[in-house]
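In UniProt numbering, the protein residues as written are 1 to 496. To keep things clear, I will list the structure first and then write my remarks on it.
And the structure:
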């Protein structure tokens, strides 16, 4: 039977207790789930129950069936992919948001939902050092919350396409081109698939730390325009997933000044939170972002201590979104909306309904404070510096690209294997074997990547519970597995 208020109270207490127990014991769990594909289907009935079940039994099954199938992204030895925030303040914000759930498509749905979002987006813009042009209080630009950076990029690209078609009527859609780089997140290519548009991938070079340069952009624009194609948006990145590259937004922006119809979207999904720390703003190209970006995105649910989902998108001109996305049938019209005295956020993104995401951002920013956020970012970067130093000091490893904030990309390159340096193919084979060994471990998790043909391994710090001891233990494990991988590789070569 459905829970009544008092039953909900008791179930809630029990849930909070179990969540606390989970975090108390998290460091003792395997980072990686040990289940096999299909385990849950075998454990669950083929159909939903005909009659309601006791809620205690349901919560018990969560512990018994679901928790074993989790990969623990908050584990102190999770060094894969990117940070994913999960704070107690964010959990409570989510709980309160769910308790007053509403679709939030206009101001009248619940004024607090719209107004709090407008406020915390301005708080966040100031935290990151964004120009006042991006503030909601500017009345011209502004910020909006979305699900992920992919949604933010897709929204920006839709608005860029709309702007281009308005200013270049009659342009065939098959002539429009989206620019990304070979290091851009898959969101760029996926936007091309969704919209049925061409995507041009710009090459990057190792000597540029895998960042796209202005000269490459200019060359591509000239080639495409000469061929009758019309580039209309470029997705630049601050902190690419593979390598942590920071594109040369200063150079790109200078080039695009000559082509004002090309929209510059800056995707800083992971590394954008470094802008909260003044000492990292130059590295993260804040000045260029403020000077040149048409839109900017970062995910508070990655390195911003706010639970998923909490992607933030700012635009220099809000009418670029509303001109492309404003659909207001009669049943959605309101007095305040018609008068233009409120923001109706449904016209700033692709969906109609939306969650009360700003509540958890508000909870986190108030509880942690600006200095708390900065302290967390600085701690993660300092821990990564420890790891990078260990890699630098070892004759058996090398950095593939300089560390980027809290990310190190490295590979095994033992000097003792052969009297002559190994070929790229041999090094790639060795590192695939090395990574295979690492990926079979349950006590830590790293991920692989490939940079211009070089197979390498990523080490990303971001879990709020990671401490120096966890990083140093990871170094020991990596060294141990590297020795075993090198020995196994030599045996294969000797017998092969």
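For glycine and all other residues, C-beta sits at the position ideal for the given N, C-alpha and C. Quick caveat, the model's predicted, so the values are computed rather than measured.
| Under a three-way DSSP split, which group does residue 463 fall into? | Under the three-state reduction of DSSP, residue 463 is assigned to coil, being neither helix nor strand.
| If you draw a straight line from the alpha carbon of residue 50 to that of residue 1, how long is it in whole angstroms? | Rounded to whole angstroms, the gap between the alpha carbons of residue 50 and residue 1 is 11 Å.
| For the 8 Å Cβ check, are there 3 or more pairs between the region 458 to 466 and the region 71 to 86? | Below 8 Å, enough C-beta pairs join the region 458 to 466 and the region 71 to 86 to call them touching: three or more.
| message | residue 263 and residue 392 - do their beta-carbons sit closer together than 8 Å? | response | Not a contact, by the Cβ cut-off of 8 Å.
| field | Sufficient close CB pairs (3 or more, under 8 Å) joining the region 373 to 390 to the region 99 to 108 | value | Flag = no, the region 373 to 390 and the region 99 to 108 do not touch.
| Taking Cβ positions, are residue 429 and residue 415 nearer each other than 8 Å? | For the 8 Å CB-CB criterion, residue 429 and residue 415 do not form a contact.
| residue 145 versus residue 65 - alpha carbon distance | Roughly 33 Å between the two C-alpha positions.
| Helix, strand or coil: how does DSSP classify residue 450 here? | Three-state DSSP puts residue 450 in a strand.
| request: Give me the Cα-Cα distance between residue 43 and residue 273, rounded to the nearest whole angstrom. | output: It is roughly 41 Å from the alpha-carbon of residue 43 to the alpha-carbon of residue 273.
| task | Can you tell me which of 492, 480 and 388 puts its alpha carbon nearest to the alpha carbon of residue 459? | result | Taking only the C-alpha atoms, the option nearest residue 459 is 388.
| said: How far does the alpha helix (DSSP H) with residue 380 in it extend, from its first residue to its last? | reply: Unbroken alpha helix (DSSP H) run through residue 380: 358 to 392.
| request: Take residue 116 and list the residues in its own chain whose beta-carbon comes closer than 7 Å to its own, dropping the five residues that flank it on each side. | output: Hits under 7 Å: 358, 359 and 362.
| query | Exposed or buried, residue 253, counting other C-beta atoms within 10 Å across all chains shown (16 or more means buried)? | reply | Buried is the call here.
| Any C-beta of chain D under 8 Å from that of residue 167 | Among the chains of the structure shown, chain D does not appear; only one protein chain is present.
| message | For residue 264, report the span of its beta strand (DSSP E) as first-last. | response | Counting along the chain, the beta strand (DSSP E) containing residue 264 begins and ends at 263 to 267.
| Skipping 5 residues on each side, what residues in its chain have a beta carbon closer than 8 Å to that of residue 326? | The beta carbon of residue 326 lies closer than 8 Å to those of 347 in the same chain, with the five residues before and after it left out.
| residue 155 beta carbon less than 8 Å from that of residue 301 | Between residue 301 and residue 155, the gap from beta carbon to beta carbon reaches 8 Å or more.
| said: Once DSSP output is grouped into helix, strand and coil, what is the label at residue 299? | reply: Secondary structure at residue 299: strand, using DSSP grouped into helix, strand and coil.
| message | Using a Cβ distance threshold of 8 Å, determine whether the region 177 to 187 contacts the region 228 to 238, with at least three qualifying pairs required. | response | Inter-segment contact for the region 177 to 187 and the region 228 to 238 is present: three or more beta-carbon pairs are separated by less than 8 Å.
| request: Kindly list the residues whose CB is nearer than 7 Å to the CB of residue 400, restricted to its own chain and excluding five residues on each side of it in sequence; keep chain order. | output: Result list for residue 400: 409, 410, 411, 451, 454 and 456, in chain order.
| said: Between the alpha carbons of residue 260 and residue 314, how many angstroms are there, rounded? | reply: Computed Cα separation, rounded: 19 Å.
| Which listed residue (27, 67, 171 and 14) has its alpha carbon closest to that of residue 39 | Distance from the Cα of residue 39 is smallest, within the candidate group 27, 67, 171 and 14, for 67.
| field | Residue from 243, 124, 468 and 136 whose Cα sits closest to the Cα of residue 205 | value | Each of 243, 124, 468 and 136 was checked against the Cα of residue 205, and the nearest Cα belongs to 243.
| query | When burial is assigned at 16 or more other CB atoms within 10 Å of the CB, is residue 172 buried or exposed? | reply | Exposed, because fewer than 16 other Cβ atoms sit within 10 Å of the Cβ of residue 172.
| query | Using the beta-carbon count (16 or more within 10 Å), is residue 157 buried or exposed? | reply | It is buried - the Cβ of residue 157 has at least 16 other Cβ atoms within 10 Å.
| task | Check whether the region 284 to 291 touches the region 112 to 132, counting contact only when three or more Cβ pairs, one atom from each stretch, lie closer than 8 Å. | result | Judged by pairs of C-beta atoms under 8 Å, the region 284 to 291 touches the region 112 to 132, as three or more such pairs exist.
| field | Closest residue to residue 449 among 442, 436, 197 and 96 (Cα-Cα distance) | value | With distances taken between Cα atoms, residue 449 lies closest to 436.
| Among 230, 151 and 132, which residue has its Cα nearest to the Cα of residue 165? | Per the Cα distances, 230.
| task | Please list the segments of the alpha helix (DSSP H) lying wholly inside the region 34 to 78, counting only runs of 4 or more residues, in order along the chain. | result | Complete alpha helix (DSSP H) runs here, min 4: 39 to 43 and 55 to 61.
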